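**Student:** Residue numbers for the sequence shown follow my numbering, beginning at 1335 and rising by one. Pasting a structure here, questions to come.
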Amino acid sequence: MFEDGRSKRVIFVSHCILNQNAKIDGCAHYRGSIREVADLILRSGCGVVQIECPEIMYLGLDRQVVPGLQRTIESEDTRVAELMEGEAGRTYCRDIASRVVHQMEQYVRSGFSVVGVLGVNGSPTCGVETGWRADGEVAEPGVLIRELQAACQQRGLSVPIRGIKAEDPEGAVRAAREVLGAAVPFQGGSAMKPAVLVTICILSLIALGHVLRLVFGVGVTVGALVIPMWASIPAVVGLAALAVWLWEEQKK
Ligand code: SF4
């Protein structure tokens, strides 16, 4: 069965890795997905399963914020941590973990590879290497990840679980790459489109030509028009700026 176009590889990710709109107020770092990680997963050919956000399911998008209360990101994380650590919060997480593990089992039984889980470090709920308690990051997993680890163990599933942070995209990509392992076809390559790469090369070569012209004092005439030497200065700056701009845009 399933001998069609699919990769038979699946990764599970915390909800807000693909949807930063789910974050606690003030904590979103991207407009939508954590782009670098989402790109990597898409290019890997792995299917991606977005785990429900336990905090939204239990507390809602506003996390039951208390109107008028003076709050900081730290105090909000602490308030949410206390709620998620309560009986009701843990029950939500246990239920979600149970549904996640049920899906994992379905894939594993049919010979698919569940390559791993990506959580969110520093979160009181989805933290893996670090969670959050009493106004600080602690070296303990969050509630959902604890429940997920327990459920995996109970059902004999061995699945790597790693945490990432949106504010550290390079570290996030490293962790995601480790989890994706052989599923990642590009080792350090960029997703730059060939046409853009060629354009950047052409712009750079023309800029280099102008630099050489300036260095060696090469005169240029177009018909009867003599191009002054100084004209190469704005040309170099403009072309180089355009090439850098294209390069930076492609990395986004
Ligand atoms: S870290 Fe987990 S609980 Fe927090 S917003 Fe992301 S998915 Fe929701």
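Where a beta carbon is used, it is the ideal one built from N, C-alpha and C, also for glycine. Keep in mind it's a predicted model, so treat the numbers as computed, not measured.
1) Quick check: does the Cβ of A1577 come within less than 6 Å of any heavy atom belonging to the ligand SF4?
2) Exposed or buried, which one is T1459 when buried takes at least 16 other CB atoms within 10 Å?
3) Below 8 Å, how does it come out for the segment 1362–1379 and the segment 1399–1407: are there three or more Cβ pairs, yes or no?
4) Any heavy atom of the ligand MN inside 6 Å of the beta-carbon of P1388?
5) Residue range of the beta strand (DSSP E) that L1615 falls in?
6) How should D1502 be labelled, buried or exposed, when 16 other C-beta atoms within 10 angstroms of its C-beta is the threshold for buried?
7) Name the DSSP beta bridge partners of L1452, please?
8) Out of R1480, N1455, V1383 and T1464, state which residue places its alpha-carbon closest to the alpha-carbon of G1423.
9) The ligand SF4 and H1349: does the residue's C-beta get closer than 6 Å to at least one heavy atom of that ligand?
10) Got a sec, what are the start and stop residues for the alpha helix (DSSP H) G1543 sits in?
11) In the structure shown, what three-state DSSP assignment does V1472 receive?
12) Within the continuous alpha helix (DSSP H) that includes T1412, where are the two ends?
13) Quick one: what does DSSP say G1423 is sitting in, helix, strand or coil?
14) Taking DSSP as the reference, what is the three-state secondary structure of G1381?
15) Use the C-beta contact count for F1520: other C-beta atoms within 10 angstroms, 16 or more gives buried, fewer gives exposed.
16) Could you name the residues of the same chain whose beta carbon sits closer than 7 Å to that of E1471, not counting the 5 residues immediately before and after it, in chain order?
17) Whose CA, out of A1484, A1485, G1394 and K1342, lies closest to the CA of V1449?
18) Kindly list the residues whose CB is nearer than 8 Å to the CB of D1359, restricted to its own chain and excluding five residues on each side of it in sequence; keep chain order.
19) Under three-state DSSP, which class holds G1445?
**Tutor:** Reading off the structure:
1) Incorrect: A1577 has no Cβ contact closer than 6 Å to the ligand SF4.
2) Buried: at least 16 other Cβ atoms inside 10 Å.
3) With a cut-off of 8 Å, the segment 1399–1407 and the segment 1362–1379 do not count as touching, because too few Cβ pairs lie within range.
4) As far as ligands go, the structure on display features the ligand SF4 and does not contain the ligand MN.
5) This structure cannot speak to residue 1615, because the chain is shown only from 1335 to 1586.
6) It counts as exposed.
7) L1452 is bridged to V1347 and R1496.
8) The residue with the shortest Cα to Cα distance from G1423 is R1480.
9) At a threshold of 6 Å, H1349 counts as near the ligand SF4, since its beta carbon sits closer than that to one of the ligand's heavy atoms.
10) Element bounds for G1543: P1528 to F1550.
11) DSSP places V1472 in strand when its eight states are reduced to three.
12) DSSP places T1412 in the uninterrupted alpha helix (DSSP H) bounded by I1407 to E1419.
13) Helix at G1423.
14) Note: G1381 maps to strand in three-state DSSP.
15) The predicted position of F1520 is uncertain, since its pLDDT is 42 and thus under 50; a value taken from the coordinates is nonetheless stated next. If you draw a 10 Å sphere on the C-beta of F1520, you find fewer than 16 other C-beta atoms in it, and that means exposed.
16) The residues G1456 and T1464, in chain order, have a CB closer than 7 Å to that of E1471 in the same chain once the five nearest residues on each side in sequence are set aside.
17) Closest in alpha carbon position to V1449, among A1484, A1485, G1394 and K1342, is K1342.
18) Closer than 8 Å at Cβ, skipping near neighbours: D1396, R1397, V1399 and E1410.
19) G1445 falls in the coil class under three-state DSSP.
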